[in-house]
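Colleague:
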Amino acid sequence: MNILITGASGLIGSAILQDLVNTGHRVFSLQRNKSANPDQFWNFTRLCELGGENPTFDVVIHLAGENIATGRWTKNKKQRILQSRTQGTEQLAHYCAQLSTPPKLFISASAIGYYGDRGDDVVDEQSKSGHNFVAEVCRAWEAALAPLEKTVTRVVMVRIGMVLSPDGGTLKTMLPSFKLGIAGVVGNGKQYVSWIDIRDIVGSFSHIIQHDSISGPVNLVSPNPVTNHTFTKALGDVVNKPTVMKMPAFVAKTVFGQMGEELVLSSCRVVPKKLKDEGYQFLVPELQDSLHYCVSNMP
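Basically my numbering = 1-based index in the sequence shown + 6.
Now the structure itself:
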């Protein structure tokens, strides 16, 4: 198949791109910078300018967006977070909708932040959206797919949890403090962490592409979410270091601001109901196995 992907240089995109190439697909990617590779359209403007010269895309995978977990959420940062998701998504959806042969499938990234802070409640794809900034962003992000509503394109919004990978992401950021033995629970440690191994990210995207019955929102998380306390102890055990230090909630809010409150202290106990109902078999359902793999294979 011909597959167009945005965000191909990111943690998730690079893993998916490699898998697609390995399985024989022809992959095109939208890049910020010009590339000598003819299979890399270097920006959205060029894609539109080519018009009829473009190949027909069977699948579009849209992952691009401003990193939400770096830097304090200033007014400008929050605006970039929102606009980088909504504007790019709407542009690409509109482009695909007006094609004489639109893609059969459009997969757009979203996040489990859609559900907001839910405490101990078990959340699936039918659960309502939350009320904080991240939830607002996710609602607008998914709403930007509206141009595809009247087409034959199957649309999937993947609500992604915390991705564990040896190649970067949140785990790489937190690992140094764990290796030094100065890490510990944040807040009361009771908030849920809905995680997913990078191998299941790749596997679930492949499953979605292969199964026409899957559409709408899909939670990309492990079937076994854990509390911050459990996650902290598990990672400490993997690196063989104590995790007795604690970061009170007020410190997290002071250091990280709104980002700390919404990404670190909020609780979202998400389950992958649709993926399981559609027959996906998780490769790495247990946290300890994922952490061992990631830490052992981290550069």
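For glycine and all other residues, C-beta sits at the position ideal for the given N, C-alpha and C.
Everything numeric in this text was worked out from a predicted model, so none of it was measured.
Within its chain, find whatever has a CB closer than 8 Å to the CB of D64; leave out the 5 residues flanking it on each side and keep chain order.
Modeller: M7, N8, I9, P109, K110, L111
Colleague: Please classify D206 as buried or exposed, where buried requires at least 16 other C-beta atoms within 10 Å of its C-beta.
Modeller: buried
Colleague: Do you know how far the Cα of S228 is from the Cα of W48?
Modeller: Unreliable placement is indicated for W48, whose pLDDT of 44 sits below 50; the coordinate value is still reported in the next sentence. Those two C-alpha atoms are separated by around 34 Å.
Colleague: Between which two residues does the beta strand (DSSP E) containing A117 stretch?
Modeller: Under the DSSP assignment, A117 falls in the beta strand (DSSP E) whose first and last residues are 111–117.
Colleague: Does the count of Cβ pairs from the region 156–167 and the region 202–222 closer than 8 Å reach three?
Modeller: Yes: the two stretches touch, three or more of their Cβ pairs being nearer than 8 Å.
Colleague: Just checking, does the region 191–201 make contact with the region 145–153 on the three C-beta pairs under 8 Å criterion?
Modeller: no
Colleague: Spatial neighbours of V276 within its chain, please: CB distance less than 7 Å, with the 5 preceding and 5 following residues excluded, ordered by chain position.
Modeller: Excluding positions up to five away in sequence, the list reads I118, Y121, V129, G167, S200, N225, V227, P231.
Colleague: Once you ignore the five residues that flank V27 on each side, which residues in its own chain have a CB closer than 8 Å to its CB?
Modeller: So the qualifying residues of the chain are V33.
Colleague: Please go through the same chain and pick out, in chain order, the residues whose beta-carbon is closer than 7 Å to the beta-carbon of F288, but skip the five residues on each side of it.
Modeller: D206, S228, P229
Colleague: Classify W201 as helix, strand or coil using the three-state DSSP reduction.
Modeller: strand
Colleague: Using a 10 Å radius around the Cβ and a threshold of 16 neighbouring Cβ atoms, would you call M251 buried or exposed?
Modeller: exposed
Colleague: Using 8 Å as the threshold, is the C-beta distance between E131 and H217 below it?
Modeller: no
Colleague: Might you give, ordered along the chain, the residues of its own chain that have their beta carbon closer than 7 Å to the beta carbon of T62, omitting 5 neighbours on each side?
Modeller: N8, T107
Colleague: Which residues in the same chain as G187 place their Cβ atom closer than 6 Å to its Cβ, once the five residues preceding and following it in sequence are excluded?
Modeller: So the qualifying residues of the chain are K247, P248.
Colleague: Span of the beta strand (DSSP E) holding H217?
Modeller: Looking at the DSSP string, H217 is not in any beta strand (DSSP E), and its letter there is neither H nor E.
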